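Asker:
Number of protein chains: 2
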Amino acid sequence: MTDKPSRTGATATQIAAALRTDIIAGAFAPGTVLRQEELARRFHTSRMPVRDSLRILEQEGLVILATNRGARVAPLDAAGFREISEMRAVAEPLALKHAIPELTNRQLDQAEAILDQAETAAADRFGALNKAFHLALLAPCQRPRLLSHIAGLSDLNERYLHLAARELDYAARSHAEHRALLAACRDRDAERACGLLTAHIVSASEALLAALRTAD
Amino acid sequence: MTDKPSRTGATATQIAAALRTDIIAGAFAPGTVLRQEELARRFHTSRMPVRDSLRILEQEGLVILATNRGARVAPLDAAGFREISEMRAVAEPLALKHAIPELTNRQLDQAEAILDQAETAAADRFGALNKAFHLALLAPCQRPRLLSHIAGLSDLNERYLHLAARELDYAARSHAEHRALLAACRDRDAERACGLLTAHIVSASEALLAALRTAD
DNA sequence: CTGGCAAAGATTGGATACAAAAATACGTAT
DNA sequence: ATACGTATTTTTGTATCCAATCTTTGCCAG
Numbered sequence: 001m002t003d004k005p006s007r008t009g010a011t012a013t014q015i016a017a018a019l020r021t022d023i024i025a026g027a028f029a030p031g032t033v034l035r036q037e038e039l040a041r042r043f044h045t046s047r048m049p050v051r052d053s054l055r056i057l058e059q060e061g062l063v064i065l066a067t068n069r070g071a072r073v074a075p076l077d078a079a080g081f082r083e084i085s086e087m088r089a090v091a092e093p094l095a096l097k098h099a100i101p102e103l104t105n106r107q108l109d110q111a112e113a114i115l116d117q118a119e120t121a122a123a124d125r126f127g128a129l130n131k132a133f134h135l136a137l138l139a140p141c142q143r144p145r146l147l148s149h150i151a152g153l154s155d156l157n158e159r160y161l162h163l164a165a166r167e168l169d170y171a172a173r174s175h176a177e178h179r180a181l182l183a184a185c186r187d188r189d190a191e192r193a194c195g196l197l198t199a200h201i202v203s204a205s206e207a208l209l210a211a212l213r214t215a216d
Numbered sequence: 001m002t003d004k005p006s007r008t009g010a011t012a013t014q015i016a017a018a019l020r021t022d023i024i025a026g027a028f029a030p031g032t033v034l035r036q037e038e039l040a041r042r043f044h045t046s047r048m049p050v051r052d053s054l055r056i057l058e059q060e061g062l063v064i065l066a067t068n069r070g071a072r073v074a075p076l077d078a079a080g081f082r083e084i085s086e087m088r089a090v091a092e093p094l095a096l097k098h099a100i101p102e103l104t105n106r107q108l109d110q111a112e113a114i115l116d117q118a119e120t121a122a123a124d125r126f127g128a129l130n131k132a133f134h135l136a137l138l139a140p141c142q143r144p145r146l147l148s149h150i151a152g153l154s155d156l157n158e159r160y161l162h163l164a165a166r167e168l169d170y171a172a173r174s175h176a177e178h179r180a181l182l183a184a185c186r187d188r189d190a191e192r193a194c195g196l197l198t199a200h201i202v203s204a205s206e207a208l209l210a211a212l213r214t215a216d
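In order, the protein sequences belong to chains H and D. The first sequence runs 1 to 216 under the UniProt record's numbering. The second sequence runs 1 to 216 under the UniProt record's numbering.
Encoded structure:
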């Protein structure tokens with residue numbers, strides 16, 4: 001937060017980014033009401049940019065906005081998670097198919113570096129690194145709208161990951177699937193890579209849904 | 001819409017809706033700059049709700065918002081259309097798969113009524129009826145986020161349809177494919193219906209891309 | 001004549017001010 | 001004691017105002 005003498009620019013985006021990371025990290029419980037004035041004080045600004053940021057987050061599905069009734073942090077439920085996973089399972093392979101021909105060795109190395117970090121990092125960084133790895137592979141697909149769609153889904157997904165990140169076998173399995181996916185990408189084998197990616201998203205979804213059921 | 005004494009409520013949404021239909025209908029040329037003050041006069045309000053509405057439309061991809069530089073109607077280009085079509089081609093079958101078990105005969109009849117209208121309606125209504133037919137089939141899928149995603153893509157798609165709606169063989173082919181799709185839905189044959197839907201979106205995409213190339 | 005620079009105008013972003021609606025608290029009547 | 005109605009308070013939505021940035025126009029130098 002670089003809120004010192006910033007008298008100009010696009011602060012709504014910055015506020016949205018800060019709130020986004022907070023919501024994803026679970027700093028607000030689902031259903032928490034977000035008061036405009038309170039957020040304005042917190043970011044040393046007026047309510048106006050806050051309102052803009054809430055609209056942004058609403059479209060991303062992180063907050064729910066009711067007219068004259070304020071904003072609430074979007075709830076988390078199994079049905080919503082399944083829906084997000086289904087959408088990821090079709091959108092990400094589409095991006096990967098077009099990304100693979102464009103992937104450079106340097107980009108593959110960067111993706112691998114993220115994997116290395118993920119395997120040693122603390123559990124609370126698992127979600128962010130997971131998202132970073134996926135996007136590193138998909139970024140070169142040259143489809144900006146698709147990418148931002150996937151990025152939004154990744155954010156939503158990450159909220160749920162915090163609920164089961166401590167499941168160690170889930171993390172181990174995810175890492176293994178990531179390694180296999182990366183290998184397929186190195187071979188420039190789009191067919192295999194997309195299949196692995198779909199399977200990875202489905203298996204992660206099923207594992208987390210099972211964890212949610214037991215955690216009930 | 002022209003209700004002047006409306007001193008309360010959520011006017012930003014209404015302004016956004018009005019602008020949305022205008023942009024989709026092609027009332028503004030792509031790239032047109034949208035001045036806040038001008039829109040405020042037009043809707044008999046201040047710039048504030050206009051700003052909110054522009055944010056909404058930006059998230060939907062209908063306008064592009066540059067900081068300190070105003071809002072422009074999003075441009076139309078072949079690459080963008082192809083990207084949208086690809087996303088529709090994976091998202092809509094996903095929705096249809098889950099909608100088919102929920103589809104009632106009444107809903108199928110309503111979809112057919114839309115088709116009947118589409119075949120006799122004027123060319124400028126083709127896009128709207130096309131969108132209505134697709135959403136009528138997909139609506140019962142019980143996945144609100146997926147549906148709103150598809151609705152947004154349909155709006156973007158509709159902008160392009162105006163460019164080729166007068167291609168009569170395109171319209172005829174689209175109608176025939178819609179009929180076949182509807183028949184598969186009546187049979188509750190999800191496999192066949194999803195295949196037809198994918199093929200329909202791909203063929204429509206290719207036809208329009210070809211029309212764009214010749215129109216060059 | 002052309003290119004850059006500067007001042008004036010236009011336009012957006014943000015802050016403050018005001019009005020309406022929701023939420024809350026309180027009091028009264030049953 | 002509870003339920004309902006009203007007044008108060010809180011919060012959001014809209015309007016107006018100010019500051020900062022972008023644009024445009026005109027001038028001057030090369």
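By construction, the Cβ of each residue, glycine as well, lies at the ideal position given by its N, Cα and C atoms. Just so you know, these numbers come straight off a predicted model, no measurement behind them.
According to the neighbour-count rule (16 or more other Cβ atoms, all chains shown, within 10 Å of its Cβ), is Ser205(D) buried or exposed?
Answerer: Position 205 of the second sequence, counting from 1, holds the residue named residue 205(D). So Ser205(D) ends up on the buried side.
Asker: For the region 85-101 of chain D, enumerate the residues whose C-beta is nearer than 7 Å to any C-beta of chain H, in chain order.
Answerer: Listed by position, the residues of the region 85-101 of chain D near chain H (Cβ gap below 7 Å) are Glu86, Met87, Val90, Ala91, Leu94.
Asker: So, using beta-carbon positions, are Val50(H) and Gln36(H) closer together than 8 Å?
Answerer: Counted from its first residue, the first sequence places residue 50(H) at position 50. Counted from its first residue, the first sequence places residue 36(H) at position 36. Yes.
Asker: Which residue comes first and which comes last in the beta strand (DSSP E) that contains Ile64(H)?
Answerer: Locating residue 64(H) in the first sequence gives position 64, counting from the first residue. From DSSP, the beta strand (DSSP E) with Ile64(H) extends over 63-66.
Asker: Any heavy atom of the ligand FAD within a distance shorter than 7 Å of the CB on Arg88(H)?
Answerer: In terms of ligand content, the structure shown is empty, and the ligand FAD therefore cannot be addressed.
Asker: Could you list the residues in the UniProt domain "HTH gntR-type" (9-76) of chain H with a C-beta less than 9 Å from some C-beta on chain D, going in chain order?
Answerer: Taking 9 Å as the Cβ-Cβ cut-off against chain D, the residues of the UniProt domain "HTH gntR-type" (9-76) of chain H that qualify are Gly9, Ala10, Ala12, Thr13, Met48, Arg51, Asp52, Arg55, Ile56, Glu58, Gln59, Glu60, Gly61, Thr67, Asn68.
Asker: May I ask you to report which of helix, strand or coil DSSP gives Ala71(D)?
Answerer: Within the second sequence, numbered from 1, the residue matching residue 71(D) stands at position 71. It is a strand residue.
Asker: In chain order, what residues of the same chain lie with their CB nearer than 8 Å to the CB of Tyr170(D), ignoring the 5 residues before and after it?
Answerer: Stepping through the second sequence from its first residue, residue 170(D) is reached at position 170. Only Ala164, Ala204, Ala207, Leu208, Ala211 meet the Cβ criterion.
Asker: How close, in whole Å, do the beta carbons of Phe28(D) and Val73(D) come, if the pair is a contact with beta carbons under 8 Å?
Answerer: Here residue 28(D) refers to the residue found at position 28 when the second sequence is read from its first residue. Here residue 73(D) refers to the residue found at position 73 when the second sequence is read from its first residue. At roughly 5 Å, the Cβ-Cβ gap stays under 8 Å, so Phe28(D) and Val73(D) are in contact.
Asker: Flag this pair as yes or no: are the beta carbons of Ile100(H) and Arg213(H) separated by less than 8 Å?
Answerer: In the first sequence, residue 100(H) corresponds to position 100, counting from 1. In the first sequence, residue 213(H) corresponds to position 213, counting from 1. In this structure, Arg213(H) does not lie closer than 8 Å to Ile100(H) by Cβ.
Asker: Taking Cβ positions, are Ala122(H) and Glu158(H) nearer each other than 8 Å?
Answerer: Against the first sequence, residue 122(H) aligns to sequence position 122. Against the first sequence, residue 158(H) aligns to sequence position 158. Not closer than 8 Å, so no.
Asker: Specify, as a first and last residue, the run of the alpha helix (DSSP H) that His200(D) falls within.
Answerer: Taking the second sequence and counting its residues from 1, the one referred to as residue 200(D) is at position 200. Segment 190-214, the alpha helix (DSSP H) holding His200(D).
Asker: Taking DSSP as the reference, what is the three-state secondary structure of Leu76(D)?
Answerer: Against the second sequence, residue 76(D) aligns to sequence position 76. Residue state, collapsed to three classes: coil.
Asker: What does the alpha-carbon distance come out to for the pair Glu102(D) and Val202(H)?
Answerer: Indexing the second sequence from 1 puts residue 102(D) at position 102. Indexing the first sequence from 1 puts residue 202(H) at position 202. Answer to the nearest angstrom: the Cα atoms are 23 Å apart.
Asker: Could you list which residues in chain D have their beta carbon closer than 7 Å to that of Glu83(H), in chain order?
Answerer: Reading the first sequence from its first residue, position 83 is the one you call residue 83(H). Here the neighbours are Arg143, Arg145, Leu146.
Asker: Could you tell me the alpha carbon to alpha carbon distance between Ala40(D) and Leu54(H), rounded to whole angstroms?
Answerer: Taking the first residue of the second sequence as position 1, residue 40(D) is located at position 40. Taking the first residue of the first sequence as position 1, residue 54(H) is located at position 54. Cα to Cα, Ala40(D) sits roughly 22 Å from Leu54(H).
Asker: Counting along the chain, where does the alpha helix (DSSP H) carrying Ile127(D) start and finish?
Answerer: Walking along the second sequence from the start, residue 127(D) turns up at place 127. At residue 127(D) the sequence reads Gly, which differs from the Ile that was named. Counting along the chain, the alpha helix (DSSP H) containing Gly127(D) begins and ends at 126-138.
Asker: Cα separation between Tyr160(H) and Phe81(H)?
Answerer: On the first sequence, position 160 is the one that residue 160(H) refers to. On the first sequence, position 81 is the one that residue 81(H) refers to. When rounded, the distance between both Cα atoms is 7 Å.
Asker: Grab me the residues of Leu76(D)'s own chain with a C-beta within less than 8 Å of its C-beta, minus the 5 sequence neighbours each way, in chain order.
Answerer: As a working note, residue 76(D) is residue 76 in the second sequence. So the list reads Pro30, Arg159, Tyr160, Leu163, once near-sequence residues are dropped.
Asker: DSSP three-state call for Leu19(D): helix, strand or coil?
Answerer: By one-based count along the second sequence, residue 19(D) stands at place 19. Helix.
Asker: Among the residues of its own chain, which have a CB less than 6 Å from the CB of Phe43(D), if the five just before and after it don't count?
Answerer: Sequence index remark: in the second sequence, residue 43(D) carries index 43 (1-based). Same-chain partners within the cutoff: Ile15.
Asker: Since I believe Ala118(H) is in contact with Phe133(H) (beta carbons under 8 Å), could you give me their beta-carbon distance rounded to a whole number of angstroms?
Answerer: In the first sequence, the residue the question calls residue 133(H) occupies position 133. In the first sequence, the residue the question calls residue 118(H) occupies position 118. Indeed they touch by this definition, with Cβ atoms about 7 Å apart.
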